[in-house]
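Novice: Take this structure, written in C-alpha cells, and hold onto it; I'll ask about it next.
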Amino acid sequence: MDYNAMKDAELIKLYINGDEKALSLLINKHEQRIFSYILSKIQNRDLANDVFQDTFVKIIKTFRQGKYNEEGKFLNWALRIAHNLVIDHFRRQKRIPTISPNDDYDIFKIIKDGSEDAETGMIREQIEKDLHRLILQLPPEQLEVLRLRHFSGLSFKDIAEQTDVSINTALGRMRYALINLRKLMEEHKVSLSLS
Amino acid sequence: MDKTTTLRNDHQVNARPDRQTVANILNFSKAYSYQKTSDGLELEMIQN
Numbered sequence: 001m002d003y004n005a006m007k008d009a010e011l012i013k014l015y016i017n018g019d020e021k022a023l024s025l026l027i028n029k030h031e032q033r034i035f036s037y038i039l040s041k042i043q044n045r046d047l048a049n050d051v052f053q054d055t056f057v058k059i060i061k062t063f064r065q066g067k068y069n070e071e072g073k074f075l076n077w078a079l080r081i082a083h084n085l086v087i088d089h090f091r092r093q094k095r096i097p098t099i100s101p102n103d104d105y106d107i108f109k110i111i112k113d114g115s116e117d118a119e120t121g122m123i124r125e126q127i128e129k130d131l132h133r134l135i136l137q138l139p140p141e142q143l144e145v146l147r148l149r150h151f152s153g154l155s156f157k158d159i160a161e162q163t164d165v166s167i168n169t170a171l172g173r174m175r176y177a178l179i180n181l182r183k184l185m186e187e188h189k190v191s192l193s194l195s
Numbered sequence: 001m002d003k004t005t006t007l008r009n010d011h012q013v014n015a016r017p018d019r020q021t022v023a024n025i026l027n028f029s030k031a032y033s034y035q036k037t038s039d040g041l042e043l044e045m046i047q048n
C-alpha cells in the first residue's frame with residue numbers, strides 16, 4: 001500500500017479503522033505547517049511542542065469518537081484547533097480572573113481598547129465571538145434593544161420610537177438583556193477580561 | 001522594478017515539532033480508546 005500517495009481523507013479513514021501508521025504519515029505530512037503556526041504565535045519552542053501535542057490529542061479523540069466531518073479540509077480544521085489552543089494558552093498565561101459582573105461595569109467597554117499586541121488581539125477576537133454567540137441567545141426584543149443601543153449607538157428615546165414602545169419599556173428591556181447576558185456568561189463560563 | 005522585502009524568521013517557517021512530541025502523540029493514540037454504550041454513556045480510556 002502506497003501511503004505517500006494517499007490523500008488526507010484516505011489516511012484518516014485508514015487510521016479510524018485502526019491503522020496507526022496512517023496517523024504517523026498524517027502528522028508527518030502536516031506537522032511543519034501546524035507547528036510553525038503555533039510557534040509563530042507562542043514564540044517558545046517547548047510551549048509550542050505542548051500545544052502541538054494537545055492539538056493532535058484533540059484530533060485523535062475526534063477521529064476515534066466518530067465526530068470528524070469528512071467534508072472539511074483536514075489541515076484547515078487542524079489549524080483551527082491549534083488556533084483555539086493557542087488562545088487557551090494565552091488566556092492561562094495571563095491568568096485572567098473571571099469577572100463577577102455587576103451593575104457598575106460595562107462589558108462593551110471591556111472589548112473596546114486602543115492598542116494591543118498580537119496575543120491580546122487573538123483573545124479579543126475570541127471574546128467577541130463568545131459574546132456574539134451569547135447575545136444571539138437573548139429574547140428577540142432584548143436583542144433588538146441591545147443592538148440598537150450598543151451597536152447602532154441610538155439613544156433610548158430613539159430606540160423607544162423605533163421599536164414603538166415607551167422609554168421605560170426600552171430601558172427595562174435593556175436591563176433584562178444585561179441581566180440575562182450576565183447569566184449566560186456565568187453559565188458558559190465566559191470571561192471578558194483582557195488583562 | 002521595486003523590491004519588496006518580507007521579514008520573516010525562516011527557522012520558524014520551517015519548524016517541525018520535536019521527535020519526542022510526535023512519539024508522545026503516537027503513544028497516546030495507541031493507548032487511547034473510546035466507547036459509547038447503548039444508553040449513550042461515553043467512555044474514554046487510556047491503557048498503560
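Each protein sequence line maps, in turn, to chains L and X. The first sequence: position 48 = 48 (my numbering), numbered continuously. The second sequence: position 6 = 6 (my numbering), numbered continuously. Here a beta-carbon is modelled for each residue, glycine too, at the ideal position from N, C-alpha and C.
Please list the residues of the segment 13-30 of chain L that have a C-beta atom closer than 9 angstroms to any C-beta atom in chain X, keeping them in chain order.
Specialist: So the close ones are Y15, E20, L23, S24, I27 and N28.
Novice: Output yes or no for whether 8 angstroms exceeds the beta carbon distance between H89(L) and V145(L).
Specialist: No. Outside cutoff.
Novice: Could you name the residues of the same chain whose beta carbon sits closer than 7 angstroms to that of F56(L), not counting the 5 residues immediately before and after it, in chain order?
Specialist: Contacts found: I27.
Novice: Is the beta carbon of R19(X) closer than 8 angstroms to that of F35(L)?
Specialist: No, the pair does not count as a contact, with Cβ atoms beyond the cut-off.
Novice: Can you tell which of T163(L), S152(L), L138(L) and E161(L) has the C-alpha that lies nearest to the C-alpha of L178(L)?
Specialist: Ranking T163(L), S152(L), L138(L) and E161(L) by Cα distance to L178(L) puts L138(L) first.
Novice: For E119(L), which residues of its own chain have a beta-carbon under 7 angstroms away from its beta-carbon, when the five flanking residues on both sides are left out?
Specialist: Cβ neighbours of E119(L) beyond the five flanking positions: F90.
Novice: What residue from L184(L), G18(L), I42(L) and G153(L) has the CA that sits closest to H132(L)'s CA?
Specialist: Per the Cα distances, L184(L).
Novice: If I measure Cβ to Cβ from Y37(L) and keep anything under 7 angstroms in the same chain, skipping five residues before and after, which residues do I get?
Specialist: Closer than 7 angstroms at the Cβ level, and outside the excluded window around Y37(L), lie L79 and A82.
Novice: Just to confirm before moving on: does the CB-CB distance between Y32(X) and I60(L) stay below 8 angstroms?
Specialist: Cβ atoms of Y32(X) and I60(L): closer than 8 angstroms.
Novice: Report the three-state DSSP secondary structure of E71(L) (helix, strand or coil).
Specialist: Correct three-state label for E71(L): coil.
Novice: Against chain L, does A15(X) count as a neighbour if the rule is that its beta carbon must be under 8 angstroms from one of theirs?
Specialist: Chain L contact via Cβ: present.
Novice: Alpha carbon to alpha carbon, how far is L85(L) from N44(L)? Give it in angstroms, no decimals.
Specialist: Going by the C-alpha atoms only, they are around 14 angstroms apart.
Novice: Taking M45(X) as part of the alpha helix (DSSP H), name the residues at either end of that continuous run.
Specialist: No alpha helix (DSSP H) holds M45(X); the beta strand (DSSP E) holding it covers E42 to I46.
Novice: Assuming N14(X) and Q32(L) are in contact, meaning their beta carbons sit under 8 angstroms apart, how far apart are those beta carbons, in whole angstroms?
Specialist: The Cβ separation is near 7 angstroms, so the contact holds.
Novice: Leaving out the 5 sequence neighbours to the left and right, which residues in its chain are closer than 6 angstroms to N180(L) when beta-carbon positions are compared?
Specialist: Within the same chain, N180(L) has close Cβ partners L138.
Novice: Enumerate, from N- to C-terminal direction, the unbroken alpha helix (DSSP H) stretches of 4 or more residues contained entirely within the segment 8-79 of chain L.
Specialist: Segments of the alpha helix (DSSP H) lying fully in the segment 8-79 of chain L: 8-16, 20-42 and 45-64.
Novice: Determine the burial state of Q142(L): buried for a count of at least 16 other Cβ atoms within 10 Å of its Cβ, exposed for fewer.
Specialist: Buried, because 16 or more other Cβ atoms sit within 10 Å of the Cβ of Q142(L).
Novice: If you reduce the DSSP assignment to three classes, tell me which class Q137(L) lands in.
Specialist: Coil, per DSSP.
Novice: Report the neighbours of I60(L) on chain X: residues whose CB is nearer than 7 angstroms to its CB, in chain order.
Specialist: Here the neighbours are F28, S29 and Y32.
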